[in-house]
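Numbers 0 to 204, taken from numbering that gives the first Met the number 0, label the letters of the sequence shown in order. Every residue, glycine too, gets a C-beta built ideally from N, C-alpha and C. I have placed the structure first, in the form of structure tokens, so that the comments after it can refer back to it.
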Amino acid sequence: MKFIKRGEDFFELFESVGKNLFQASTALVDFFESFEDMPSKLKVISDLEHDNDLLTHEIIRKLNKTFLTPIDREDIHALACRMDDVLDMMWGAAQRAHLFKIKEPTPESAALARVLASAVELLHKAVTYLKAKKYSYIQDICVEIHGLENQNDRIFRQTLGKMFDEIKDPIVIIKWKEVYEILENASDKCEDVANTLEAIVLKYG
């Protein structure tokens with residue numbers, strides 16, 4: 000196997016992943032604000048999810064061929080996989096809404112998507128700071144991401160309580176409960192990325 004000695008392009012790949020996630024989060028907000036033309040909106044998110052898989056595979060491929068990496072190999076692998084998990088969850092939420100033939104979005108689904116998009120925007124910003132080693136900025140951003148995850152957790156809990164009080168059709172409850180759970184899990188995945196970034200900051204800051 001031929002090893003590549005320089006590993007600086009890992010940062011560019013992570014920035015591309017961050018940009019991809021941000022574009023997908025914006026598309027997800029649009030999706031959950033209106034189900035008009037749902038199939039084409041889902042395709043936008045699906046295409047971004049596919050692109051992200053390719054970027055993640057490229058990071059892993061380079062990791063296997065690079066002798067000297069800019070940060071520890073396990074950190075690169077963890078960051079790539081956890082960022083990919085976020086987009087998988089975003090796609091999963093939209094895909095379930097389409098699969099379940101849900102007719103209209105709810106204010107709560109749009110609210111969860113918007114808070115998630117705010118967290119993803121911060122993730123994108125944080126990974127752009129890695130190359131410049133702006134670790135204090137990354138640390139501050141991670142604190143904000145944790146706060147947004149707590150905010151989405153509150154929205155999720157309140158939404159479940161309201162749903163069980165107001166909706167009588169158990170099938171509708173089952174469908175929306177799964178969609179809400181995936182949206183909330185996407186925020187959890189953002190927090191996982193933040194935890195990985197914080198571990199990198201502690202190691203190198």
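query	result
Compare the Cα-Cα distances from A198 to each of I137, M162, S186 and report the closest residue.	I137
Label I166 either buried or exposed according to how many other C-beta atoms from any shown protein chain fall within 10 Å of its C-beta, with 16 as the threshold for buried.	exposed
Give a yes or no on whether the C-beta atoms belonging to L86 and L47 are separated by under 8 Å.	yes
Any idea what DSSP makes of T65, helix, strand or coil?	strand
State yes or no: is the C-beta of M88 within less than 8 Å of the C-beta of L20?	no
Measure how close the beta-carbons of L122 and V192 come, nearest whole angstrom, since I'm counting them as under 8 Å.	6 Å
Measure how close the beta-carbons of R95 and E177 come, nearest whole angstrom, since I'm counting them as under 8 Å.	6 Å
By DSSP, does S33 sit in helix, in strand, or in coil?	coil
Provide the residue span of the alpha helix (DSSP H) that contains K124, from first to last.	106–127
Thinking C-beta only, is F13 closer than 8 Å to L78?	yes
Evaluate contact between the stretch 182–196 and the stretch 102–114, counting only Cβ atoms and requiring at least three cross-stretch pairs below 8 Å.	yes
How is E103 classed by DSSP in three states: helix, strand or coil?	coil
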